[in-house]
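Input: a single structure, listed below in structure tokens.
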Amino acid sequence: MSRITETQWIWRDGQFIPWADATVHVLAHSVQFGSSAFEGIRAYSTPKGPAIFRLREHLERLYHSCRIYRMDIPFSMDQLVEASRDLVVRNGLESCYIRPMVVRGYGTAGMVPIGAPIEVYIPCWPWGAYLGDEALEAGVDACVSTWHRVEPNTIPAMAKIAGNYLSGQLIKMEALANGYAEGIALSPSGMVSEGSGQNVFIVSKGTIITTPLDGSILGGITRATIMQLAGDLGIPVRELHIPREMLYMADEVFFTGTAAELTPVRSVDKITVGAGKVGPITRQLQQQYLGIAKGTIEDRHGWLTYCK
Numbered sequence: 436m437s438r439i440t441e442t443q444w445i446w447r448d449g450q451f452i453p454w455a456d457a458t459v460h461v462l463a464h465s466v467q468f469g470s471s472a473f474e475g476i477r478a479y480s481t482p483k484g485p486a487i488f489r490l491r492e493h494l495e496r497l498y499h500s501c502r503i504y505r506m507d508i509p510f511s512m513d514q515l516v517e518a519s520r521d522l523v524v525r526n527g528l529e530s531c532y533i534r535p536m537v538v539r540g541y542g543t544a545g546m547v548p549i550g551a552p553i554e555v556y557i558p559c560w561p562w563g564a565y566l567g568d569e570a571l572e573a574g575v576d577a578c579v580s581t582w583h584r585v586e587p588n589t590i591p592a593m594a595k596i597a598g599n600y601l602s603g604q605l606i607k608m609e610a611l612a613n614g615y616a617e618g619i620a621l622s623p624s625g626m627v628s629e630g631s632g633q634n635v636f637i638v639s640k641g642t643i644i645t646t647p648l649d650g651s652i653l654g655g656i657t658r659a660t661i662m663q664l665a666g667d668l669g670i671p672v673r674e675l676h677i678p679r680e681m682l683y684m685a686d687e688v689f690f691t692g693t694a695a696e697l698t699p700v701r702s703v704d705k706i707t708v709g710a711g712k713v714g715p716i717t718r719q720l721q722q723q724y725l726g727i728a729k730g731t732i733e734d735r736h737g738w739l740t741y742c743k
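Converting from the sequence shown to this note's numbering requires adding 435 to each position, the first position being numbered 1.
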């Protein structure tokens, strides 16, 4: 499994501090109750230098997550954009993973967070393909998890909050224990929801299908990106509730996410997907997505924020 590679600097509340100094108290509210909001963002090496992919869209979702949990970020969007750009440059990185975090700090003993200070951190570090370089080329084997995603109106699935990822941990650990690379969770109604930390797409008869924003999935930035790129390419896209058996009947299946990027799925529950290799639509979308992110295809939607 991937480990964090330390870099030199982390941005905290308006200042750059040494990596080792970015600490929180053991009794910080977010440590006790999982009440931190975060984002995962990639910066890619491009011919024009490092560029952050869809930075503002990610930060917008961070603000939305915090609003849902009544956390006021004491910095503007522009300040966080500049902090992210400066951080990549200061750490001397051409490509990296950026993890903005809004943490409720030390100050309250109970569940109610009133009185806990809001602290904002932005670390970054080098990180390759989440499921491995070979996964982007050959695909991965996945399973349907015994763990389901949350019922709408229990906790907000569209908020990217640390506590939500306890579910994802169970899904992922179960999949690994059973010899799979990744798990796919069902919604409370038994329909396909999402992976441990990725959205799920299937391709059936030339149409791309993905789960709607039904209260059981995170509205992924990469998900929206792939839907836009499919539209650009004239590939029909539909948001539909997906029965589990459609995973077995699909011509192609793939995961999307900032960490996973666009990872093909070659089998589900040991049932081969399509021809058991990366399908043509998956490959076309993957090439477009990574080409734009890495600056080798025109950034026609203005998704790149250059760091220099």
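Glycine included, each C-beta is placed from N, C-alpha and C at the ideal position.
Fair warning: this is a prediction, and the values are worked out from it, not measured in the lab.
Discussion item. Since lysine 595 and phenylalanine 473 should fall inside the 8 Å C-beta cutoff, what is the C-beta to C-beta distance between them, to a whole number of angstroms?
Written reply: 6 Å
Nearest candidate by alpha-carbon position, reference arginine 701, set Thr693, Gln719, Leu682
Leu682
Nearest residue (CA-CA) to proline 587, options Ala610, Thr581, Asn599:
Asn599
What three-state label does DSSP hand arginine 491 in the structure shown? helix
- Item | Alpha carbon of glycine 714 to alpha carbon of glycine 475, nearest angstrom | 27 Å
**Prompt:** Does the beta-carbon of lysine 607 have 16 or more other beta-carbons within 10 angstroms, so that it is buried, or is it exposed?
**Reply:** buried
Practice problem: Kindly indicate which residue of Thr589, Ile644, Asp576, Ile643 has the alpha-carbon position closest to the one of glycine 614. | Solution: Asp576
Item to check | Burial state of isoleucine 727, where buried means 16 or more other Cβ atoms lie within 10 Å | outcome: buried
Quiz prompt | Residues sharing a beta bridge with proline 702, DSSP | solution = One detail in the question is off: residue 702 reads as serine in this sequence, not proline. BP columns for serine 702 point to Asp576, Thr707.
Using beta-carbon positions only, say whether isoleucine 716 and glutamate 687 come within less than 7 Å of one another.
yes
* Asked: In or out: histidine 493 buried (at least 16 other Cβ within 10 Å) or exposed?
  -> buried
- Task: Report the three-state DSSP secondary structure of threonine 442 (helix, strand or coil).
- Result: coil
* Asked: How would you label leucine 462, buried or exposed, when you count the other beta carbons within 10 angstroms and need 16 or more for buried?
  -> exposed
Helix or strand or just coil, what does DSSP make of cysteine 531?
strand
Open item on the list: Pull the bridge partners of threonine 481 from the DSSP assignment, please.
Closed with: Gly484
Quick one: measure Cβ to Cβ for valine 579 and valine 703, integer angstroms, because I've assumed they're closer than 8 Å.
7 Å
### Query
With C-beta atoms as the reference, is asparagine 526 less than 7 Å away from tryptophan 444?
yes
| said: Using the Cβ count rule (16 or more neighbours within 10 Å means buried), how would you classify methionine 684? | reply: exposed
> Taking C-alpha atoms, which residue in Ala616, Ser624, Ser631, Met593 lies nearest to leucine 605?
Replying inline: Ser631
Length at least 4, wholly inside the region 604-685: the alpha helix (DSSP H) runs in chain order = 656-667, 680-684
task = Would you decide whether glycine 711 is buried or exposed? Buried here means 16 or more other CB atoms lie within 10 Å of its CB.
result = exposed
Three-state secondary structure (DSSP) of proline 715 = helix
- Query: Looking only at its own chain, which residues have a Cβ that is under 6 Å from the Cβ of proline 591, when we skip the five neighbours before and after it?
  - Reply: Ile503
| Using DSSP with H/G/I as helix, E/B as strand and the rest coil, what is tyrosine 504? | coil
On the three-state DSSP scale, how would you describe phenylalanine 510? coil
| What are the partner residues of valine 537, as DSSP defines its beta bridges? | Ala472, Val555
The beta strand (DSSP E) with isoleucine 452 in it runs from where to where? 450-453
Beta-bridge partners of leucine 697, as assigned by DSSP
Thr691
Which term fits arginine 735, buried or exposed, when burial requires 16 or more other beta carbons within 10 angstroms of its beta carbon?
-> exposed
**Request:** Could you name the residues of the same chain whose beta carbon sits closer than 8 Å to that of glycine 540, not counting the 5 residues immediately before and after it, in chain order?
**Result:** Val459, His460, Ala463, His464, Ser465, Ala551, Pro552, Ile553, Glu554
TODO: Return the CA-CA distance between glycine 625 and lysine 705, expressed in angstroms with no decimal places.
DONE: 20 Å
DSSP three-state assignment for tyrosine 565, whether helix, strand or coil:
coil
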